[in-house]
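Trainee:
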Amino acid sequence: MSKCSTNYLLSKYSINQGGIMMVCKQVGKVIVFFLVLTLTLLTFGCSGQEPAKEEEKGPVKIGFFAPVTGPAAADGESVLNAAKLAVEKINEAGGINGREVVLVDYDDGLDTKQAVSIAQKLTTKDGVVAVVSGSYSGTTRASAKIYQDAKIPMISSYAIHPDITRTGDYIFRQSFVGQVQGRAGAKVAVEMLNAKRISILHVDIDFGKTLSQSFKEKAEELGAEIVSIDSFSMGEREFTPVLTKIKQLNPDLIYIPAYAGEGAQIVRQAKDLNMKIQFLGTEGIDSTIQFLGVAEDAAEGVVITTNLNRDSERKEVQDFIKSYNEKYGFKPDMVAASTYDAFMVLFHVMKEKGTDPEAIRQGLTEIKDFPAVTGIIKGYNRLGEVEKSVQVQIVRDGEFHYFAEISDPDIIAAPTE
569 MSKCSTNYLL SKYSINQGGI MMVCKQVGKV IVFFLVLTLT LLTFGCSGQE
619 PAKEEEKGPV KIGFFAPVTG PAAADGESVL NAAKLAVEKI NEAGGINGRE
669 VVLVDYDDGL DTKQAVSIAQ KLTTKDGVVA VVSGSYSGTT RASAKIYQDA
719 KIPMISSYAI HPDITRTGDY IFRQSFVGQV QGRAGAKVAV EMLNAKRISI
769 LHVDIDFGKT LSQSFKEKAE ELGAEIVSID SFSMGEREFT PVLTKIKQLN
819 PDLIYIPAYA GEGAQIVRQA KDLNMKIQFL GTEGIDSTIQ FLGVAEDAAE
869 GVVITTNLNR DSERKEVQDF IKSYNEKYGF KPDMVAASTY DAFMVLFHVM
919 KEKGTDPEAI RQGLTEIKDF PAVTGIIKGY NRLGEVEKSV QVQIVRDGEF
969 HYFAEISDPD IIAAPTE
């Protein structure tokens, strides 16, 4: 065979060999593809579901802020206790579909700037899927827009200012908006306590201003006369001058939208002045330690509108009171119960809808007849306001007891815009 023939054969063989190798590579790729497909189907089934994201296998983080230090520290301690108890209870029950719940809590010191800073941390660094406010109206209102803009659901446990929920559709309220509680107080004063001449003495912040205004409007509508309106700074301890002035006006009732510390001093100093007059308070003095413990027998007969009926026979109420008392050594107040409920509503929604913030927001709008400690939550309206009855308590023998429950639609209906 000539050299040319040999080169030709080698060349032809090389071409064929390349073709064979190319075919083998293609066949190999097909085999690998089917092996991967088979393993995927065996691992995840044939339903087409995607595997869970890695981050969804970790803990569920819930943000929380409260005034643990500063002028409202007693309430801050109470609500932080409730938040920790709620998280403990849900984790003992298996968490959120097997995932542990972690509380990411901060102290706002009742400072609006601090509340804003906390909101920025919670929404950008801490990886929370929802937030509960255990704070007052000023701090909650100041930070609400940050949660709204971040599209992180936030539930206000007990802050009453109407603008809080008007921030947007990710903001909800667990307790009553100010207008509702003010109207309820007026109904109690005029129709249940038969007051015709009323004095108002309120703390000079959002809480007191909102409640006194709505109370005044409804009381006058019901036929009562408001004979005086006075205010005082938060932390005030001397009320003898204003009480002396009110005593000379001889009203049937004094309405006191105040907090527990000031409320206790008001009723003590009124007793010292021998003022035999009916006091009507609000959830602000719903405190077993700061109000009842300090006011002592001067609190006897005081009536309050609030968010907790201690005498309810419902299991949710009695179990909460017992658990809180056993764990912390004193009975819970309204702010603790409201905070506990805010967490329980969130846990209920997350178990059913998942932990995506948008799913949580949607789930909150669908709540119906939820058996909370603070009453049966009928739902949240289009503005995020809770719909439930107002509880009325009276102090008897040094403890809060049932006086009435207000469920009139015209009283408890929250604003929708």
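Just so we're aligned: the sequence shown equals residues 569 to 985 in the numbering used here. Even for Gly, the Cβ is constructed at its ideal location relative to N, Cα and C. All values derive from a computational prediction rather than experimental measurement.
Grouping DSSP H, G and I as helix and E and B as strand, with all else coil, what is SER579?
Mentor: Your numbering for residue 579 matches position 11 in the sequence shown. Confidence in SER579 is poor, its pLDDT being 40 and thus under 50, which makes the residue's placement too unreliable to answer from.
Trainee: Among ALA661, GLY897 and ARG709, which one has its Cα closest to the Cα of ASP679?
Mentor: Translated into the one-based positions of the sequence shown, residue 679 becomes position 111. For ASP679, the nearest C-alpha among the options comes from ARG709.
Trainee: Using the Cβ count rule (16 or more neighbours within 10 Å means buried), how would you classify ARG741?
Mentor: As a first step, residue 741 must be located in the sequence shown, where it is residue number 173. Looking at its Cβ environment, which holds 16 or more other Cβ atoms inside 10 Å, ARG741 is buried.
Trainee: Per DSSP, which residues does MET722 bridge with? Please list them.
Mentor: As a position in the sequence shown, residue 722 is number 154, starting the count at 1. MET722 pairs with VAL699 and ILE739.
Trainee: Report the residue ranges of all alpha helix (DSSP H) runs contained in full by the region 655-698; include only those spanning at least 4 residues, in chain order.
Mentor: 680-692, all fully within the region 655-698.
Trainee: By alpha-carbon positions, which one of ILE822, SER780 and LEU779 ends up nearest to LYS764?
Mentor: Residue 764 sits at position 196 when you count from the first residue of the sequence shown. Minimum Cα distance to LYS764 is reached at ILE822.
Trainee: Comparing C-alpha positions only, which one of ALA634, VAL748 and GLU953 sits nearest to THR707?
Mentor: Walking along the sequence shown from the start, residue 707 turns up at place 139. Looking at the Cα atoms, ALA634 is the closest of the given residues.
Trainee: Would you mind working out which of PRO825, GLU793, ALA828 and LEU841 sits nearest LEU811, comparing C-alpha positions?
Mentor: Translated into the one-based positions of the sequence shown, residue 811 becomes position 243. When each option's Cα is compared against that of LEU811, the closest is LEU841.
Trainee: Which stretch, first to last residue, makes up the alpha helix (DSSP H) that contains ARG929?
Mentor: Counting from 1 along the sequence shown, the entry for residue 929 is found at position 361. Counting along the chain, the alpha helix (DSSP H) containing ARG929 begins and ends at 925-933.
Trainee: ARG805 by DSSP, collapsed to three states: which one?
Mentor: Working through the sequence shown from its first residue, we reach residue 805 at position 237. Reduced to three states, the DSSP call for ARG805 is coil.
Trainee: Under the rule that 16 or more other beta-carbon atoms within 10 Å means buried, what is GLY966, buried or exposed?
Mentor: By 1-based counting over the sequence shown, the position of residue 966 is 398. With fewer than 16 Cβ atoms within 10 Å of its Cβ, GLY966 is classed as exposed.
Trainee: Would a check of beta-carbon distances place MET912 closer than 7 angstroms to chain B?
Mentor: Included in the structure is just one protein chain, with no chain B present.
Trainee: Whole-angstrom Cβ separation of VAL963 and VAL870, contact assumed at under 8 angstroms?
Mentor: Position 395 of the sequence shown, counting from 1, holds the residue named residue 963. Position 302 of the sequence shown, counting from 1, holds the residue named residue 870. Contact holds; Cβ gap of about 5 angstroms.
Trainee: Between the region 890-902 and the region 659-676, do three or more beta carbon pairs fall short of 8 angstroms?
Mentor: Segments in contact, no.
Trainee: Taking VAL745 as the reference, which of ALA683, ASP731, ALA754 and LYS755 has the closest Cα?
Mentor: What you label residue 745 is simply residue 177 of the sequence shown in a count that begins at 1. Comparing Cα-Cα distances from VAL745 to each of ALA683, ASP731, ALA754 and LYS755, the minimum goes to ASP731.
Trainee: Which of the three DSSP states, helix, strand or coil, is assigned to LEU860?
Mentor: Taking the sequence shown and counting its residues from 1, one reaches residue 860 at position 292. Note: LEU860 maps to helix in three-state DSSP.
Trainee: Could you have a look at ASP731 and say whether DSSP puts it in helix, strand or coil?
Mentor: By one-based count along the sequence shown, residue 731 stands at place 163. If DSSP states are grouped into helix, strand and coil, ASP731 belongs with coil.
Trainee: Helix, strand or coil for VAL745? Go by DSSP, reduced to three states.
Mentor: Translated into the one-based positions of the sequence shown, residue 745 becomes position 177. In the structure shown, VAL745 sits in coil (DSSP, three-state: anything other than H, G, I, E or B).
Trainee: Determine the contact status of VAL748 and SER711, defining contact as a CB-CB distance below 7 angstroms.
Mentor: Your numbering for residue 748 matches position 180 in the sequence shown. Your numbering for residue 711 matches position 143 in the sequence shown. Not in contact: VAL748 and SER711 (Cβ atoms no closer than 7 angstroms).
Trainee: Are ILE773 and MET802 close, meaning C-beta to C-beta below 7 angstroms?
Mentor: In the sequence shown, the residue the question calls residue 773 occupies position 205. In the sequence shown, the residue the question calls residue 802 occupies position 234. In contact: ILE773 and MET802 (Cβ atoms closer than 7 angstroms).
Trainee: Looking at ILE739 and GLY952, is the spacing between their C-beta atoms short of 7 angstroms?
Mentor: For the purposes of this step, residue 952 is taken as the residue at position 384 of the sequence shown. For the purposes of this step, residue 739 is taken as the residue at position 171 of the sequence shown. Their beta carbons are under 7 angstroms apart, which means GLY952 touches ILE739 by this criterion.
Trainee: What residue does the alpha helix (DSSP H) around PHE898 start on, and which one ends it?
Mentor: Reading the sequence shown from its first residue, position 330 is the one you call residue 898. No alpha helix (DSSP H) contains PHE898, which DSSP labels as neither H nor E.
Trainee: Distance, Cα to Cα, ALA651 vs ALA641?
Mentor: Reading the sequence shown from its first residue, position 83 is the one you call residue 651. Reading the sequence shown from its first residue, position 73 is the one you call residue 641. Whole-angstrom Cα-Cα distance: 15 angstroms.
Trainee: As a quick exercise: from ASP820, HIS770, ASP643 and LYS883, pick the residue whose alpha carbon is nearest that of PHE800.
Mentor: Start at 1 with the first residue of the sequence shown, and residue 800 comes out as number 232. The candidate whose alpha carbon is nearest that of PHE800 is HIS770.
Trainee: Select from ASN665, ALA654, ASN649 and VAL636 the residue whose C-alpha is nearest the C-alpha of GLU626.
Mentor: One-based indexing of the sequence shown puts residue 626 at position 58. Sequence inspection shows Gly at residue 626; the Glu mentioned does not correspond to that position. Looking at the Cα atoms, ASN665 is the closest of the given residues.
Trainee: Once the 5 residues before and after ASN762 are set aside, which same chain residues still bring their CB inside 8 angstroms of it?
Mentor: By one-based count along the sequence shown, residue 762 stands at place 194. Cβ within range, chain order: ASP820.
Trainee: Kindly indicate the opening and closing residues of the beta strand (DSSP E) around LYS798.
Mentor: In the sequence shown, residue 798 corresponds to position 230, counting from 1. The question names Lys, but residue 798 in the sequence shown is Asp. First-last of the beta strand (DSSP E) with ASP798: 793-800.
Trainee: For THR942, which option in ASP976, GLU934, LYS919 and GLN886 has the closest C-alpha, if you only look at C-alpha atoms?
Mentor: Stepping through the sequence shown from its first residue, residue 942 is reached at position 374. The shortest Cα separation from THR942 among ASP976, GLU934, LYS919 and GLN886 belongs to GLN886.
Trainee: Check each candidate in LYS689, THR907, SER705 and GLY776 and name the one with the smallest Cα separation from ALA535.
Mentor: Since the displayed the chain opens at 569 and closes at 985, residue 535 lies outside it and no answer follows.
Trainee: Kindly indicate the opening and closing residues of the beta strand (DSSP E) around THR873.
Mentor: To locate residue 873, count along the sequence shown from 1; it is residue 305. 871-874 is the span of the beta strand (DSSP E), which, as asked, contains THR873.
Trainee: According to DSSP, simplified to helix, strand and coil, what is GLY952?
Mentor: Indexing the sequence shown from 1 puts residue 952 at position 384. Three-state result, GLY952: coil.
Trainee: Taking 7 angstroms as the cut-off, decide whether the C-beta atoms of THR873 and GLY791 are in contact.
Mentor: Along the sequence shown, one-based indexing puts residue 873 at 305. Along the sequence shown, one-based indexing puts residue 791 at 223. Going by C-beta atoms, THR873 is not nearer than 7 angstroms to GLY791.
Trainee: Among residues of its own chain, excluding the 5 on either side of GLU1018, which ones have a beta-carbon nearer than 7 angstroms to its beta-carbon?
Mentor: With the chain represented from 569 up to 985, any question about residue 1018 goes unanswered, as that position is not in the structure.
Trainee: If contacts are defined as beta-carbon pairs under 8 angstroms, then ASP676 and SER703 qualify, I think. What distance do you get, rounded to the angstrom?
Mentor: Residue 676 sits at position 108 when you count from the first residue of the sequence shown. Residue 703 sits at position 135 when you count from the first residue of the sequence shown. That belief holds up - the Cβ atoms of ASP676 and SER703 are roughly 5 angstroms apart, short of 8 angstroms.
Trainee: Can you tell me the Cα-Cα spacing of GLU880 and ILE889, whole angstroms?
Mentor: By 1-based counting over the sequence shown, the position of residue 880 is 312. By 1-based counting over the sequence shown, the position of residue 889 is 321. Rather than Glu, the amino acid found at residue 880 in this sequence is Ser. Cα-Cα distance, rounded: 11 angstroms.
Trainee: Output the distance between the C-alpha atoms of ALA981 and GLY897, rounded to the nearest integer angstrom.
Mentor: Stepping through the sequence shown from its first residue, residue 981 is reached at position 413. Stepping through the sequence shown from its first residue, residue 897 is reached at position 329. Roughly 36 angstroms between the two C-alpha positions.
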